[in-house]
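A.B. asks: If you read the sequences in order, they're chains A and B. The number in the numbering used here is simply the position in the first sequence, starting from 1, with 4 added. The number in the numbering used here is simply the position in the second sequence, starting from 1, with 34 added. Beta carbons: idealized from backbone N, C-alpha and C, even for Gly. In this text the structure is predicted, and so the values were computed from the model without any measurement. This is the structure I want to talk about, given as structure tokens.
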Amino acid sequence: MNHHNNSENNEKNIELDNEGKLKTFFNKDITTKRMNHRILLDKVGKKLFSVSILFALLILVILFYRIGVQSIGWLDLQFLTSNLSIFPEKAGIFGVLIGSFLLMVVVIPVTLLLGISTAIYLEEYAKKGRFQAFVDINISNLAGVPSVIFGLLGLTVFGRLLNLGSSILAGGLTLSLLVLPIIVAAGQEAIRAVPGFLRDGAYAMGATKWTTVRTVVLPSALPGILTGSILAVSRAIGETAPLVVLGIPALILRVPNSLMSDFTALPIQIYYWTLDTVLTPEYANMAAATIVVLLVLLFLLNSVAIVIRNKYQRRY
Amino acid sequence: MSESNHVRDIIRNNIKHRNNRLEIIMPKLFLIAGSISIFTTIGIVLTLLIDAYHFFEQVPIREIFSTKLAPLGVNPSFGILPLINGTIITSLIAMIVAVPVGLTAAMYLSEFSSENTRKIIKPIMEVLAGIPTIVYGFFAYSFVTPLLMKLIPTLEPKNALSPGIVMGIMIIPLVTSLSEDAMSSVPNDMREGALALGSTRLEVTLKVVIPAAISGIMASFVLAISRAIGETMIVTIASGSSKNFTLDITQSMQTMTAYIVEFTSGDAGIGTGYYSLYAVGLVLFIFTLMMNLLSRYISRKYREEY
Chain A
5 MNHHNNSENN
15 EKNIELDNEG
25 KLKTFFNKDI
35 TTKRMNHRIL
45 LDKVGKKLFS
55 VSILFALLIL
65 VILFYRIGVQ
75 SIGWLDLQFL
85 TSNLSIFPEK
95 AGIFGVLIGS
105 FLLMVVVIPV
115 TLLLGISTAI
125 YLEEYAKKGR
135 FQAFVDINIS
145 NLAGVPSVIF
155 GLLGLTVFGR
165 LLNLGSSILA
175 GGLTLSLLVL
185 PIIVAAGQEA
195 IRAVPGFLRD
205 GAYAMGATKW
215 TTVRTVVLPS
225 ALPGILTGSI
235 LAVSRAIGET
245 APLVVLGIPA
255 LILRVPNSLM
265 SDFTALPIQI
275 YYWTLDTVLT
285 PEYANMAAAT
295 IVVLLVLLFL
305 LNSVAIVIRN
315 KYQRRY
Chain B
35 MSESNHVRDI
45 IRNNIKHRNN
55 RLEIIMPKLF
65 LIAGSISIFT
75 TIGIVLTLLI
85 DAYHFFEQVP
95 IREIFSTKLA
105 PLGVNPSFGI
115 LPLINGTIIT
125 SLIAMIVAVP
135 VGLTAAMYLS
145 EFSSENTRKI
155 IKPIMEVLAG
165 IPTIVYGFFA
175 YSFVTPLLMK
185 LIPTLEPKNA
195 LSPGIVMGIM
205 IIPLVTSLSE
215 DAMSSVPNDM
225 REGALALGST
235 RLEVTLKVVI
245 PAAISGIMAS
255 FVLAISRAIG
265 ETMIVTIASG
275 SSKNFTLDIT
285 QSMQTMTAYI
295 VEFTSGDAGI
305 GTGYYSLYAV
315 GLVLFIFTLM
325 MNLLSRYISR
335 KYREEY
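What follows is the structure, encoded as structure tokens:
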């Protein structure tokens with residue numbers, strides 16, 4: 005192919021050169037060479053970029069595989085139903101699960117109430133102006149504040165000022181403030197997606213503002229709000245740093261029975277067991293087993309969110 | 035006549051009764067809820083400022099800039115430089131991992147892959163992004179560190195390298211999704227123009243799409259730095275608590291976040307050590323706030339509108 009091209013090219017060149025002037029604008033030889041080079045680069049680039057994706061996938065597979073292998077033999081019914089113990093073979097995470105569950109009993113109502121109200125206020129009631137812009141910027145900055153700092157806030161305000169100590173209530177309120185920006189952002193987006201003609205329709209029938217919000221805007225924004233809320237809750241379940249900063253004790257053998265009890269939750273237990281693997285290697289297996297429980301929980305939550313998103317989200 | 039007036043009155047009363055109160059009360063309730071976020075910010079700033087002030091009452095500001103950090107002991111010293119050093123080095127390692135991988139992955143997703151591949155890859159990236167950091171911490175400590183120790187025999191069990199790399203992996207989805215968003219919003223006309231002039235896909239990506247999306251891409255990098263600086267559990271678990279001022283990434287280093295965790299989970303009590311948490315927290319808060327504002331500024335200021 006190349007040979008053929010070359011000879012044709014040469015002939016052409018000779019023909020044109022007969023007049024003593026160079027009439028060709030380009031040398032096909034060089035151009036073909038350059039073009040091939042560029043096409044090669046393009047192919048190499050594409051391959052290289054896809055390697056990055058494969059790298060990310062590989063890490064994910066290794067992570068799940070490693071943790072799965074380490075949890076084998078430890079993750080059984082006894083592990084889920086018995087309480088913490090200083091003996092690895094007897095220990096279970098029943099109390100830890102209850103701790104995480106009670107945390108969510110605080111986080112879910114508080115964040116839903118505050119988050120959705122804030123979103124409604126910003127989207128439906130606030131005048132588009134300085135105050136609204138200020139609240140907007142404030143919320144997006146809050147979303148970027150490291151979670152440890154929320155821990156310090158919780159320690160000072162809930163733990164010491166309101167004297168809640170390191171109770172479930174203190175932990176739950178701290179986590180609520182942490183994930184609030186997520187729900188607000190999701191709520192705002194969902195409310196914004198409700199088309200104006202639905203509101204206009206309600207007003208035309210004589211509905212007042214609040215009636216419109218309650219009966220028209222909120223129901224059609226609900227799937228979006230729920231999806232965002234589930235994502236916020238799954239963030240809260242996996243969050244460790246603020247709870248550790250609140251000063252949750254390392255070993256709690258009692259199952260928490262009220263919102264004022266001291267407690268431990270899944271991520272905290274993983275943290276303490278990982279720290280103690282130096283002393284007791286079995287703790288690594290228990291941490292891995294707890295991670296599996298946490299990841300399964302997160303997976304279930306996210307699946308619910310995806311189902312809601314796909315099934316109920318309407319497009320106008 | 036009077037009958038219809040009566041009906042009108044009933045309706046009017048009904049409407050008044052049913053709606054008026056809620057109509058006035060609800061916006062106020064919403065406003066109160068909305069201002070909680072402002073109070074949270076005020077709360078954070080006040081908490082940090084007040085207790086950091088107590089700290090500076092007891093410790094001269096000059097001491098902060100020393101490289102010696104020994105909060106406990108007979109002669110406590112509160113130089114923050116080792117912590118800032120640890121934070122910057124682990125974040126730097128994370129960025130060295132996250133930027134090339136994240137950006138090229140975004141380039142692949144936005145410019146080279148088919149719609150179907152994207153539909154598979156994006157949820158997987160979301161899964162990576164949704165994994166709690168404590169899990170990454172466990173992974174760094176129990177898998178990556180032993181692996182690296184085989185390659186680098188002098189590596190200590192707690193070091194800056196392993197958490198840095200894992201933190202980078204954690205940040206990849208953030209860089210990828212934000213950069214991909216920026217690149218996808220470059221209008222197709224520009225790509226087609228370049229393709230029509232004979233550019234290859236790679237040339238379109240490097241010379242047209244990336245320059246057009248550069249503000250979004252840079253903003254994603256800055257956000258990634260902010261995330262790395264504020265990341266806590268990975269460095270706490272895998273980087274340890276050595277307060278040495280060193281550049282050797284095979285050794286243990288402490289970051290600002292890890293310092294806060296170490297001190298609160300132990301018995302900090304009330305004292306200079308306890309207040310030092312808030313001083314460190316304040317520095318950390320200022321660092322991340324500046325990064326977040328910078329990211330916002332970049333994406334606003336240098337955004338090209340099409």
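Apart from the five residues on each side of it in sequence, which residues of its chain come closer than 7 Å, Cβ to Cβ, to E190/B?
C.D. replies: Here the set comprises T284, Q285, S286.
A.B. asks: Looking only at C-alpha atoms, which of V238/B, T234/B, F297/B, S148/B sits nearest to P221/B?
C.D. replies: That would be V238/B, whose Cα lies nearest to the Cα of P221/B.
A.B. asks: Checking contacts by CB at 8 Å: is A139/B closer than that to chain A?
C.D. replies: A139/B counts as touching chain A.
A.B. asks: When you compare each of L316/B, F255/B, V317/B to Y331/B by their alpha carbons, which one comes out closest?
C.D. replies: For the residues L316/B, F255/B, V317/B, the minimum Cα distance to Y331/B belongs to F255/B.
A.B. asks: Please list, in chain order, the chain A residues whose beta carbon lies closer than 7 Å to that of M60/B.
C.D. replies: Near M60/B (Cβ distances below 7 Å), the residues of chain A are W214.
A.B. asks: Does the pairing of the stretch 95-110 of chain A with the stretch 169-179 of chain A give three or more beta-carbon distances under 8 Å?
C.D. replies: Yes, the stretch 95-110 of chain A touches the stretch 169-179 of chain A.
A.B. asks: Are the stretch 81-90 of chain B and the stretch 192-199 of chain A touching, with three or more C-beta to C-beta distances below 8 Å?
C.D. replies: Verdict: no, contact absent.
A.B. asks: Given that a residue counts as buried once 16 or more other Cβ atoms are within 10 Å of its Cβ, and exposed if not, what is Y69/A?
C.D. replies: Burial call: exposed.
A.B. asks: Enumerate in chain order the residues of its own chain whose CB-to-CB distance from F173/B is below 8 Å, with the five nearest sequence positions on each side excluded.
C.D. replies: Taken in chain order, the residues that qualify are V200.
A.B. asks: Where does E226/B land, buried or exposed, given buried means 16+ other C-beta within 10 angstroms?
C.D. replies: E226/B comes out exposed.
A.B. asks: Give the residues of chain C in contact with Y129/A, contact being defined as C-beta atoms less than 9 Å apart.
C.D. replies: The chain labelled as chain C is not found among the protein chains of the depicted structure, namely A and B.
A.B. asks: Nearest-angstrom Cα distance between V308/A and I58/B?
C.D. replies: Taking the straight line from one Cα to the other gives about 36 Å.
A.B. asks: Give the residues of chain B in contact with Q315/A, contact being defined as C-beta atoms less than 9 Å apart.
C.D. replies: The sequence as given places Lys at residue 315/A; Gln does not occur at that position. In chain order: nothing, as chain B lies at least about 17 Å away.
A.B. asks: Starting from T234/B, follow the alpha helix (DSSP H) in both directions and report where the run begins and ends.
C.D. replies: Segment: none, T234/B is in no alpha helix (DSSP H) and carries neither H nor E.
A.B. asks: Closer than 8 Å is the cut-off here; do at least three beta carbon pairs connect the stretch 123-140 of chain B with the stretch 208-218 of chain B?
C.D. replies: Segments in contact, yes.
A.B. asks: Runs of 4 residues minimum, wholly inside the stretch 268-309 of chain B: which ones carry the alpha helix (DSSP H) assignment?
C.D. replies: Correct list: 290-299.
A.B. asks: Is the stretch 238-256 of chain A in contact with the stretch 148-156 of chain A, if contact means three or more CB pairs nearer than 8 Å?
C.D. replies: Enough Cβ pairs lie closer than 8 Å, so yes.
A.B. asks: Could you check whether D46/A and R235/B sit closer than 8 Å to each other, using their CB atoms as the reference points?
C.D. replies: Yes; because the gap between Cβ atoms is below 8 Å, this pair is in contact.
A.B. asks: Could you give the distance in angstroms between the alpha-carbon of T212/A and the alpha-carbon of I124/A?
C.D. replies: Cα-Cα distance, rounded: 15 Å.
A.B. asks: Measure the CB-CB distance between S86/A and G96/A and report whether it falls below 8 Å.
C.D. replies: Yes, these two residues count as a Cβ contact at 8 Å.
A.B. asks: Count the C-beta pairs between the stretch 102-110 of chain B and the stretch 166-181 of chain B that are closer than 8 Å, then say yes if the count reaches three, no if not.
C.D. replies: Touching, no.
A.B. asks: Quick check: the stretch 263-279 of chain A against the stretch 131-145 of chain A, are there 3 or more CB pairs under 8 Å?
C.D. replies: Not touching, per the Cβ criterion.
A.B. asks: Mind listing the chain A neighbours of S260/B? Cutoff is C-beta to C-beta under 8 Å, in chain order.
C.D. replies: Within 8 Å Cβ-Cβ: G148.
A.B. asks: Given that T383/B touches chain A, what residues does it touch there, using C-beta distances under 9 Å?
C.D. replies: Shown here, chain B extends from 35 to 340; a query on residue 383/B therefore has no answer.
A.B. asks: Would L88/A be called buried (16 or more neighbouring beta carbons within 10 Å of its own) or exposed?
C.D. replies: When all chains shown are included, L88/A counts as buried.
A.B. asks: Can you give me, in chain order, the residues of the stretch 156-187 of chain B that have a beta carbon less than 9 Å from any beta carbon in chain A?
C.D. replies: Under the 9 Å Cβ criterion, the stretch 156-187 of chain B contributes P157, I158, M159, E160, V161, L162, G164, I165, P166, T167, I168, V169, Y170, G171, F172, F173, Y175, S176, F177.
A.B. asks: Is it right to say V161/A is buried, meaning 16 or more other beta carbons lie within 10 angstroms of its own, or is it exposed?
C.D. replies: Per the 10 Å Cβ criterion, buried.
A.B. asks: Kindly list the residues whose CB is nearer than 7 Å to the CB of Q74/A, restricted to its own chain and excluding five residues on each side of it in sequence; keep chain order.
C.D. replies: Contacts found: A288, N289, A292.
A.B. asks: What is the rounded straight-line gap between the Cα of I320/B and the Cα of I71/A?
C.D. replies: Using only the alpha carbons, I get a separation of about 36 Å.
A.B. asks: Would you mind telling me which residues of chain A sit closer than 8 Å to I203/B, beta carbon to beta carbon, in chain order?
C.D. replies: Those within 8 Å of I203/B in chain A are A60, I63.
A.B. asks: State yes or no: is the C-beta of V269/B within less than 8 Å of the C-beta of T291/B?
C.D. replies: Yes, the Cβ-Cβ distance between V269/B and T291/B is below 8 Å.
A.B. asks: Identify each residue in the stretch 304-325 of chain B for which the Cβ-Cβ distance to at least one residue of chain A is less than 7 Å, and report them in chain order.
C.D. replies: If the cut-off is 7 Å between Cβ atoms, the stretch 304-325 of chain B has L311, Y312, G315, L318, F319, T322, L323 near chain A.
A.B. asks: Please classify M5/A as buried or exposed, where buried requires at least 16 other C-beta atoms within 10 Å of its C-beta.
C.D. replies: In this prediction, M5/A scores a pLDDT of 40, lower than 50, which makes its location untrustworthy; the coordinate-derived value is nonetheless stated afterwards. By the neighbour-count rule (16 or more Cβ atoms within 10 Å), M5/A is not buried but exposed.
A.B. asks: Along chain A, which residues have their Cβ under 8 Å away from the Cβ of L82/B?
C.D. replies: Those within 8 Å of L82/B in chain A are I153, L156.
A.B. asks: Inspect the CB distances between the stretch 124-133 of chain B and the stretch 35-42 of chain A and report whether three or more fall short of 8 Å.
C.D. replies: The answer is no - the stretch 35-42 of chain A does not touch the stretch 124-133 of chain B, with fewer than three Cβ pairs under 8 Å.
A.B. asks: Looking at the C-beta of I271/B, does it have a partner C-beta in chain A at a distance below 8 Å?
C.D. replies: Yes - at least one Cβ of chain A is within 8 Å of the one on I271/B.
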